[in-house]
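Top to bottom, those sequences are chains D and L.
So the first sequence is numbered by this note's numbering: it starts at 455 and just counts up by one.
So the second sequence is numbered by this note's numbering: it starts at 54 and just counts up by one.
Heads up, the beta-carbon is just placed ideally off N, CA and C, and yes, glycines get one too.
The next block holds one structure in the form of structure tokens; read it before the comments.
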Amino acid sequence: MKTIEKAVLEARDVTIRYSGQAAVQGVNLSIYEKKITAIIGPSGCGKSTLLRSLNRMNDFIDHVTQEGEILYRGTNLYGPEVDPVEVRLHMGMVFQRPNPFPKSIFRNVAWGPTINGLPGDINHRVERALRQAALWNEVKDRLEDSALNLSGGQQQRLCIARALAMEPEVILMDEPCSALDPVSTARIEDLIFELKESYTIVIVTHNMQQASRVSDYTAFMESGKLIEYGDTDQVFTRPKQKRTEDYVTGRFG
Amino acid sequence: MRSDLADHQSSKTLGARSLKRRHLVARLFKSICLGFTLFAVGVLGLLIFQVGADGLPWLDWKFLNNFPSRFPERAGVKSALYGTLWVVSLTALIALPTGVLAAIYLEDYAPKSRLTRIIDINIANLAGVPSIVYGILGLAIFVRFLGLERSVLAGALTMSLLILPVIIISSKEAIRAVPSSIRLAAYAVGATQWQVVRFHVLPAAIPGILTGVILALSRAIGETAPLIMIGALTYVAFVPEGPMDEFTALPIQIFNWTSRPQAEFHELAAAGIIVLLAVLLTMNALAVLIRYKGTR
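Written out as structure tokens, the structure is:
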């Protein structure tokens, strides 16, 4: 791994437990600026839990305890003086299933910036976010329509636009295509690739083709442990660990 | 093994016996359901017909505008109708914010602890407590201890206690029905808990909450026992003008009339029932309207 890359986020010895049961164990991981990092691994390996720890979404799950540090540009996100609401202004999130608010398309994108009092003209901000999410041309004439009338793929791009409108530094994506058809998936993968220009992206996926297509770095997790982390090319073609090789070549289990 | 095979083969020929029997059972069940439904609707229809036949001739402007009297032709429900409207409005004013805020706290803020669970269970139990028990409680606390006497306020507070569990339970259910994915989405764009509740949870839950509230108030309208318990009067020849005035209510007036020997008063009671039903149906229509508007 090239050392000149700047780490935006650093997980240091992170262990996360649900009611005492470790879901993530002693993970050390650096997320690099304006790169796409994929986290892969079998179901239940703790990849989503790790992702949610990066914007403190695990705070909403009962009986979760966490050890270790998550450093964002040197500040521990779990430090006593850190406001979790502020953390989420820097880390946007896209969820596994499209979850637009049951409101208009415009309101979906505008709500976050409005309640946080972000500067600038809100109409421009919404348009910019929708353009970045490659949705503008499809919805520009019906911004006041309910977001629930959009197709699944459009809804997910709307959710991406909603995250982009906050102009976060990092975008966390939790299996963003798992509920979508192949055409919508391809569109979102293209989109993720373009967003790399301006954002640091962490994507959790159990689709290995997706990881190899879009990501710069790949982390492979199994049973809560980080087994291997490195260049996507290297992880997929010359894995150092036997278990990684078994998983990426489909000889798993 | 052999009999299994035989069954399998017989089911392949059309007109298999077991299928016929199953259809018969299905039709029989449907008929039984229909029969019981018709019975229930029939009894209700008969009741309404009886009440209508007795009461409608007495129902006129004078009936609504007169105070009770020992002469049936001069008697009316003015004081009872006003008393009921007073009590229900005050009850709504007290129970609605209390119940909804309690539901929001229990559902969204309270830690998922043992204590919270105990409170939840006890609220559910309170919903099943007989109304007369609330009357005794109201008599002890509001009428005697707080010295509110037999006022509209004492009645409304007692009624509020009675319907609070119902309001809290239905509001909690409406709030719980808001998908957590919406809450998480809102948190993910930097919302505080208050903003999530204010802009996402409440708007989505309000139709359900209001339906529950209005159904609970409808129950309060029909309750007699707690009001008699706290000493609401049976003969009132004035309209309450403030929350501290004495009062009577429609069910009390109806009860009073039915317990008199003269047949005319029984017919007056029927007319009173029609007025009570009209108030009830108006409120239920309101609930349906709100639900319809909310789900559109």
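Can you pull the chain L residues whose beta carbon is under 9 Å from the beta carbon of residue i, in chain order?
i: residue 514 (chain D); result: 233, 236, 237 and 240
i: residue 551 (chain D); result: 234
i: residue 511 (chain D); result: 237, 240 and 241
Taking Cβ-Cβ distances shorter than 8 Å, what residues in chain L pair up with residue i?
i: residue 620 (chain D); result: 242 and 243
i: residue 576 (chain D); result: Here the premise fails: no neighbours, minimum Cβ distance about 14 Å.
i: residue 546 (chain D); result: 241 and 242
i: residue 556 (chain D); result: 235 and 257
i: residue 566 (chain D); result: 242, 243 and 244
i: residue 616 (chain D); result: 238 and 242
Can you tell which of the options has its C-alpha closest to the C-alpha of residue i?
i: residue 223 (chain L); options: L:265, L:150 and L:172; result: L:265
i: residue 293 (chain L); options: L:138, L:236 and L:75; result: L:138
i: residue 505 (chain D); options: D:517, D:516, D:527 and D:482; result: D:482
i: residue 478 (chain D); options: D:575, D:551, D:701 and D:680; result: D:680
i: residue 216 (chain L); options: L:302, L:76, L:179 and L:225; result: L:179
i: residue 254 (chain L); options: L:243, L:338, L:86 and L:235; result: L:235
i: residue 604 (chain D); options: D:628, D:473, D:562 and D:645; result: D:562
i: residue 460 (chain D); options: D:662, D:475, D:471 and D:489; result: D:489
i: residue 309 (chain L); options: L:335, L:182, L:332 and L:278; result: L:278
i: residue 608 (chain D); options: D:621, D:591 and D:620; result: D:591
i: residue 188 (chain L); options: L:175, L:268 and L:283; result: L:283
i: residue 595 (chain D); options: D:615, D:616, D:558 and D:568; result: D:558
i: residue 115 (chain L); options: L:128, L:105 and L:108; result: L:128
i: residue 295 (chain L); options: L:135, L:313 and L:288; result: L:135
i: residue 237 (chain L); options: D:499, D:513 and D:475; result: D:513
i: residue 113 (chain L); options: L:328, L:84 and L:148; result: L:328
i: residue 274 (chain L); options: L:341, L:302 and L:233; result: L:302
i: residue 247 (chain L); options: D:468, D:644, D:667 and D:569; result: D:569
Kindly list, in the order they appear in chain D, the residues whose Cβ is closer than 8 Å to that of residue i.
i: residue 248 (chain L); result: 569
Residues in its own chain within less than 7 Å of residue i by CB, not counting five upstream and five downstream?
i: residue 682 (chain D); result: 674, 689, 693, 694, 695 and 698
i: residue 531 (chain D); result: 510, 524 and 541
i: residue 306 (chain L); result: 121, 130, 133 and 325
i: residue 659 (chain D); result: 492, 494, 629 and 665
i: residue 456 (chain D); result: At residue 456 (chain D), the pLDDT of 48 sits below 50, so the modelled position is not reliable and the matter cannot be decided from this model.
i: residue 735 (chain D); result: There is simply no residue 735 (chain D) to check, as chain D begins at 455 and stops at 707 in what is shown.
i: residue 517 (chain D); result: 472 and 473
i: residue 208 (chain L); result: 140, 280, 283, 285 and 300
i: residue 678 (chain D); result: 476, 477, 478, 479, 499 and 500
i: residue 578 (chain D); result: none
i: residue 104 (chain L); result: 323, 326 and 327
Only counting the same chain, and skipping five residues up and downstream in sequence, which positions put a Cβ closer than 8 Å to that of residue i?
i: residue 610 (chain D); result: 548, 552, 630, 631, 633, 634, 638 and 642
i: residue 462 (chain D); result: 485, 486, 487, 526, 527, 623, 624 and 654
i: residue 536 (chain D); result: 529 and 530
i: residue 560 (chain D); result: 580, 597 and 598
Give me the Cβ distance between residue i and residue j, rounded to the nearest whole Å; I'm assuming they're in contact under 8 Å.
i: residue 507 (chain D); j: residue 520 (chain D); result: 6 Å
i: residue 204 (chain L); j: residue 299 (chain L); result: 7 Å
i: residue 626 (chain D); j: residue 586 (chain D); result: Contact doesn't hold; Cβ gap of about 17 Å is too wide.
i: residue 181 (chain L); j: residue 214 (chain L); result: Not quite, the Cβ-Cβ distance comes to about 14 Å (not below 8 Å), so this is no contact.
i: residue 206 (chain L); j: residue 143 (chain L); result: 7 Å
i: residue 589 (chain D); j: residue 618 (chain D); result: At roughly 10 Å, the Cβ-Cβ gap does not stay under 8 Å, so residue 589 (chain D) and residue 618 (chain D) are not in contact.
i: residue 593 (chain D); j: residue 245 (chain L); result: Not confirmed; about 28 Å, so no contact.
i: residue 269 (chain L); j: residue 219 (chain L); result: 4 Å
i: residue 339 (chain L); j: residue 267 (chain L); result: 6 Å
i: residue 107 (chain L); j: residue 320 (chain L); result: 5 Å
So residue i contacts chain D; which residues on that side make the cut at Cβ distance below 9 Å?
i: residue 165 (chain L); result: 516 and 517
What does residue i touch in chain L if you count any residue whose Cβ is under 7 Å from its own?
i: residue 627 (chain D); result: Within 7 Å Cβ-Cβ: nothing; residue 627 (chain D) doesn't reach chain L, min ~11 Å.
i: residue 543 (chain D); result: 243
i: residue 539 (chain D); result: 243 and 245
List the residues of chain D whose Cβ lies closer than 7 Å to the Cβ of residue i, in chain order.
i: residue 253 (chain L); result: 555
Might you give, ordered along the chain, the residues of its own chain that have their beta carbon closer than 6 Å to the beta carbon of residue i, omitting 5 neighbours on each side?
i: residue 227 (chain L); result: 258, 261 and 262
i: residue 621 (chain D); result: none
i: residue 155 (chain L); result: 221
i: residue 704 (chain D); result: none
>> Report the start-end ranges of each alpha helix (DSSP H) in the stretch 564–612 of chain D that is 4 residues or longer and not cut off at the edges.
In response: DSSP runs (the alpha helix (DSSP H)) wholly in the stretch 564–612 of chain D: 576–586 and 590–593.
> What are the start and end residues of each continuous alpha helix (DSSP H) run of 4 or more residues lying completely inside the stretch 118–199 of chain L, in chain order?
Replying inline: Runs found: 131–157, 167–179 and 184–191.
>> Please give the ranges of any beta strand (DSSP E) in the stretch 610–678 of chain D, keeping only runs that are unbroken, at least 3 residues long and fully inside the region.
In response: Secondary structure remark: continuous beta strand (DSSP E) runs of at least 3 residues inside the stretch 610–678 of chain D, in chain order: 624–628, 654–658 and 671–676.
> Can you list the alpha helix (DSSP H) stretches of 4 or more residues lying completely in the stretch 481–564 of chain D, in chain order?
Replying inline: Along the stretch 481–564 of chain D, the alpha helix (DSSP H) occurs as fully enclosed runs of 4 or more residues at 501–507 and 538–544, listed in sequence order.
> Which whole runs of the alpha helix (DSSP H) in the stretch 253–330 of chain L are 4 residues long or more, in chain order?
Replying inline: Runs of the alpha helix (DSSP H) spanning 4 or more residues and lying entirely within the stretch 253–330 of chain L occur at 255–275, 278–282 and 303–311, in chain order.
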